[in-house]
Structure formats: C-alpha cells, structure tokens
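Participant: Taken in order, the sequence shown gives residues 2 to 638; the numbers are from my numbering.
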Amino acid sequence: MENQLKNTIRGIVSVTFCTLVSTGKAEEADIVIEIDSRVPSSILTASPFTHVISENDIESSGHLNLLDLLSGSGVLTITNAESGTTQSGTPDLRGFGERAAENTRVLLNGRTLNNPTLEAPNITAIPLSSIQRIEILNSSAGVLYGNGAVGGVINVITKPAQNLGPESVTASSSVGSFGAGSASIEISQSVDDQSQVTIVTNAETYDGYRDFEESTRSYGSISYSHSSGLSAWNMGFDQSRTDGYMSGKVIDAELRADRTTYREASVQDRRSTQQSLWLNYNQTLSDSIDFSVDLARRLSNQEGSYINGGSTVDQLLTTNTLNAKIVGQTKMSTTPIDYVYGWDHVSSDFFTTSYKTREQIINSIYTRNQISLSDSLITTVGARYAESDESLLFTSPSTKNSAYEIGIEKITKTGILSIRLDTNYRLATLDEKAAWPYTSDVDLSPQEGKSLELGWKSKSAQLGFFVAHNDNEIFFDPATFANTTVEKTRRSGVTGSLQFPLTPQAELKMRGALTNAKFGAGTYSGNTIPQVSRLTGSIEVVKHLGDLTKLHWNTRYQSAQYSQNDQANLNKKRNAYSTSNASFIRNVEFGDIRLSVVNIFDKKYDQNHFRASAGAGDLYRTVSNPRSLQLSISKQF
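#1: For the segment 398-443, list the beta strand (DSSP E) runs that are entirely contained and at least 3 residues long, ordered along the chain.
#2: How is the beta strand (DSSP E) around Y340 delimited, first residue to last?
#3: When we look at the beta-carbon of D376 and count the other beta-carbons within 10 Å, is it buried (16 or more) or exposed?
#4: Could you tell me which residues DSSP puts in a beta bridge with R264?
#5: Counting only the same chain and skipping the five closest in sequence on each side, list residues whose C-beta sits under 6 angstroms from that of T285.
#6: Is it right to say F482 is buried, meaning 16 or more other beta carbons lie within 10 angstroms of its own, or is it exposed?
#7: Mind checking which residues open and close the beta strand (DSSP E) that includes G497?
#8: Between the alpha carbons of T368 and Y340, how many angstroms are there, rounded?
#9: To the nearest angstrom, how far is the alpha carbon of S131 from that of S625?
#10: Could you give the uninterrupted runs of the beta strand (DSSP E) lying entirely in the segment 55-85, keeping only those of 3 residues or more?
#11: By DSSP, does R100 sit in helix, in strand, or in coil?
#12: Quick one: residues in its chain with C-beta nearer than 6 angstroms to the C-beta of E388, no 5 flanking neighbours on either side, listed in chain order?
#13: Tell me whether T24 is buried or exposed, calling it buried when 16 or more other Cβ atoms sit within 10 Å of its Cβ.
#14: Helix, strand or coil, according to DSSP, for F292 in the structure here?
#15: Touching or not, the segment 29-44 and the segment 409-416, by the rule of three or more beta carbon pairs under 8 angstroms?
#16: On the CB-based measure, 16 or more other CB atoms within 10 Å of its CB, does I338 come out buried or exposed?
#17: Tell me whether T645 is buried or exposed, calling it buried when 16 or more other Cβ atoms sit within 10 Å of its Cβ.
#18: Return the chain-ordered list of same chain residues with a C-beta closer than 7 angstroms to the C-beta of I59, the five sequence neighbours on each side being excluded.
#19: Compute the Euclidean distance between the alpha carbons of A297 and K510, then round it to the nearest angstrom.
#20: Using three-state DSSP, classify Y563 as helix, strand or coil.
#21: Could you please give the first and the last residue of the uninterrupted beta strand (DSSP E) stretch that includes H523?
#22: Quick check on this structure: which residue in D193, G592, G618 and Y307 has the alpha carbon closest to the alpha carbon of R264?
#23: Fully enclosed by the segment 534-558, which beta strand (DSSP E) runs are 3 residues long or longer?
#24: My output table needs one value for E168: the three-state DSSP class, helix, strand or coil.
#25: Is E488 near D478, with beta carbons less than 8 angstroms apart?
#26: Taking Y606 as the reference, give the member of L596, S597, T623 and F591 with the closest Cα.
#27: Taking a contact to mean a Cβ-Cβ separation below 8 angstroms, would you say D244 touches T217 in this structure?
Here's what the structure looks like:
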C-alpha cells in the first residue's frame, strides 16, 4: 500500500511538472472541433479534457492502423485485443477493462459506432490516410452523448471532400513483415461548383506472426456533398469486410514454449461485414441559429465457426439512428448564451443463431447552455432525459434515465481553468441480459454514475483531475459465470499532455494518464478492477531533417494489470511494458516514402491475458507481435 501511494504521488508530480514547464504554441491552434460541445469551436477554447490527434500527427506517426495510433496517444489503453495485434480491440478511457466498449463512446464523423450488444465498435477498417483528425474527450459526457459515454468519447473525423481538392486522386500501397500488404485509393471529383463526389477504397492482407492469423480486410466508401447558400447536405455509403482467423488465447505454459502457437479450441474462422448508409443535412436559419439532422442505418453481420468443429458464430445486428439538433446564440437580458437542443433516436434489432430477435429503442432529448457571466467567466448547465423500451427473449422491460451537467470555466491570459460535475448512465446490452442457456432474461438495472472533474489548459499543456463513482456497474462475474452488477465502483486519476520545441527542427510531445479503478462494494470490495493499468504514457519526437525529410519516434508505456477474470486479485499483475516505434518519411518527386519500424527493441509483451476461473485458474495469454517493418509509398495525382 505504501509503495502504491508513493507511485501515485510520483505520477501526479511528474505530470504536473511536465505540464507547467512549457510555454510553446500548439500546432493544432486552428483546428475546429465539436466533441466537447456538439458546437463547432476552436481547440483553443475547448475544454482541458479534450485531446486531438491531428492530420500531421497521423502522417508522421508511422502507425499501421487506427488502434495502433490510439494506443500510442498515451491517454488510453486497448483492451480485449485477442488477435495478438491491434487489428482488433477496444479503446478504454478511464479504466473499464473488459467492459470498455460499453463505457467509451466511439463516433465516426459524429455518428455513433457503439452497439446495443457486446460487439465492440469497429474502427480498425478505416484507413489512416482518410482520417483528418481524432478528437478524444477524456471526460464523462452523459448530457451530450447519453448512453455509454461514461469514461469518455472518441470521434474519428475523415477528410472532407473540399480538403482533397476539386479533382484529386491519391494512391498508396505498403508491404511489411509477416505478409502484411495494403493498397488504397482516394478519389475526389467535382460534379459542379456546388457538388462533389468522394470515393475511398482500401484492401489489406496479413499472414500473421502466429499460427492461424491469416486475414484479409477491405473497406470502401462513396459520398456525395452539396452546398447551396444557407444549406448543405451530404450522403454516403460505406462497407468493411474482414475474412480470416482469430488465433485467440493460449495457455501460459504452451506460450512460453512457442510464442507462435495457438489453442485449437479458441481459433475461429470468422467473417465480419459491416455496412452503413447515412445522410446529413445542415440549414442556417438565421445569423445566430443553425439546424442539422443526421440519419443513418448500420448493419453488422458476424459469421464463422470454430476450427475444432464446435459451435458456430452467427449474429446479425441492425441499428438505425436519427439525431436532430439546433445550435445558436441568444441573450438573457444582456447575458450571452450559447445553446444546443437535440433529440436522439436509436432503434436496434439483434439476431443470434436460432434464437428470436431482440430489440431495443432509445429516445432522448437534451439541452446544454453556456452562459457568459463575464468576458472571462462562463458557466455550463445541461440535462438529458431518455426512455428505453426492449423486447428480450422472455420479457419487455422499459427504463427512464437522466443525466445532468454543471460547470464553470475561468479564462485567463495564460489558459482556461475548468471545474464540472457530470452524471451519466449505461444500459445493459441485449446479450448481457440473456441468461445461458437462454431459459430466462437477466434483470440488470441501468448503471448510473457521477464524476467531478477539474482541468487546466494553456496553448501547449493540459492537466486534468477526476473522481468518478458508479452505482450498479455492469460486469461479468466468473465466480457465478453470469453478468451482474456491483453496487459501487470508484475511479480517480489525472491526465496531462505537453508539447514544446526542442530545437527549431524538433518537437516533443508527452501525454500520460494515471488511473485508480476499484470495486467499492460487494464480494470484491477494495480490489482493483482487472485489465486496468494504473499508469500509461507516451513520448513523441518529430525531427525535421531538411525540408523534405522527417523522423518520428514514439515510445509508450503501460503499467501492469490484473488479468481478466481476476476480480479477487489473487494472482500477480502482468503486462507492464514499454515499446517504441520509429518512422522515416521522405518527400520525393513522385510522392511520399515511409519506412516504419514497429516494436523497434523487440519487446515481448501481451496484448491480452485472462484467468480461466475466478480463482487461481490457468493463465491464458495473447502475445504481441515482435519487431516488424513496413514500407509505404503514396502519390497524389
């Protein structure tokens, strides 16, 4: 306990010191974001809990896919990566471990990718070349985003057509270790002065470091945008497909004998297809009022079988969303008020094998108002009300939920000081409520939480503290082999980031998070929640070697975790590691050349690890890849 306290104090002091020593200017100063307000605003006025990975960061990073990029940010971890690579897995903000997918809201261009099932949001198929920026809100956001925005929100923003130019074609390809290869094409074509069509295609293949990791992946999207006077609308369709094996977990003794081995009973021959059709319309109603509506339909089809001839995988999920909002500015007497009023509708159908379809419908209304008490003092108040109706295997429950927010921001010459209180909720998923062997439904109350957050941000540094309490947190209890709720959980922590120039040609970025996640009641009261690292962090250096060449270095650290299913904390922690990537980028006459080295020091660590039972059962591990290389070439025509 004494050592834990010392480590916590050292972490807080380190992040605080790093945050206070810099006065440089952030390169993202001109970026406009929506994630922390649902209203377009400069990142310089965004909350201290918002982090942005810019297009320049993405191009320089040398990361192979989106989850690799997120894990390198230093403010989150990737959980449940059972393929042994970050081609699968779930971003985890604020330490939710196995249930990270249900407590971290993931968006693509503002549209939710979260599911009413335990299926994690699929973001790995999105090619990095098509992404403009990634917005990370390391803060509870129950009012703005509703169900499941407990640990935070991640919004992936793709490049708008106008950024690609009226007539643009960009082609890229790559080859790498373990049979990795990819090819992508982005095409943008003007239809007339007001309309544009954009097409993005991407195909990948991978043989894998371990046995039974062969896979192919494809992604394609087509979108049409049109703007005329005070209105604009765009529509599109995208599809991703993954075919291949999921090598899964291996018993510890076998893995130590051969890191490339697999466990036959866990190997899936899997096919996954996802399709989305979406429409967005924006209308300026006056100088101070804008209206927008988003309509989307998403289908996820999971099929496959276990190699040993056992059970099959057959799931079909259809989700329809409709979101409408009005944003504007008004005055109460002489006090300026920025407001957003919105309505969110989500309806989902989930079918598994031969069992009847389960359904869920959620309707929500919300409002958030920022009131300028003075030029330097702003208060925020907001509320959301939601009703849900479900049709399960044997019952049809309904619930009513609410969330509230109140905050104060003080703007000074050197930065922004923010304090806020947020309440949130998370509904149990449709498959969490199905009791094996499907003879009844499990009555799981909605998870309810509240968080108190304090943050500071300057142009080049951020620091945030939080304390979060959840009631009825939903998790899987291996002792009873059932989904259940724990009466209370407690989390607290600090996040920080810093960037400044080392020399006129080199820049340093540092990000880190310190998280304490504990059960607060029940059988495991006082224990650490499994799959949660107390400390994560990253250091990035970008060095310009002339006008046409630059070198990017990223080192990230993740402290040890208790294994999945070890709620009793009976076994030793595992998986503390640091790993480094480097990339060399050269602009040449015909395009860009990039050479990336992943895990440059060939560190041996686990992507995932769990116990076969609630006690000291067999340890199973999913290992990471060793050192690998990738060579990429891109050309814009």
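Ideal placement from N, C-alpha and C gives every residue a C-beta, glycine not left out.
Quick caveat: nothing in here was measured; it's all calculated off a predicted structure.
Facilitator: Judging by the given coordinates:
#1: 399-412 and 417-427
#2: Here the beta strand (DSSP E) through Y340 covers T336 to T353.
#3: A residue is called buried once 16 or more other Cβ atoms fall within 10 Å of its Cβ, and D376, having fewer, is exposed.
#4: The partner list for R264 (beta bridge, DSSP) is empty, contrary to what the question assumes.
#5: L231 and D291
#6: exposed
#7: A483 to T504
#8: 7 angstroms
#9: 26 angstroms
#10: 78-80
#11: Residue state, collapsed to three classes: helix.
#12: Beyond the five residues adjoining it in sequence on each side, E388 comes within less than 6 angstroms, by CB distance, of N364 and K401 in the same chain, given in chain order.
#13: At T24, the pLDDT of 32 sits below 50, so the modelled position is not reliable and the matter cannot be decided from this model.
#14: strand
#15: no
#16: exposed
#17: Here the chain has residues from 2 to 638 only, and residue 645 is not among them.
#18: L70, L129 and I132
#19: 37 angstroms
#20: DSSP places Y563 in coil when its eight states are reduced to three.
#21: Checking the displayed sequence, the identity of residue 523 turns out to be Gly instead of His. No beta strand (DSSP E) contains G523, which DSSP labels as neither H nor E.
#22: It is Y307.
#23: 536-545
#24: strand
#25: no
#26: T623
#27: yes
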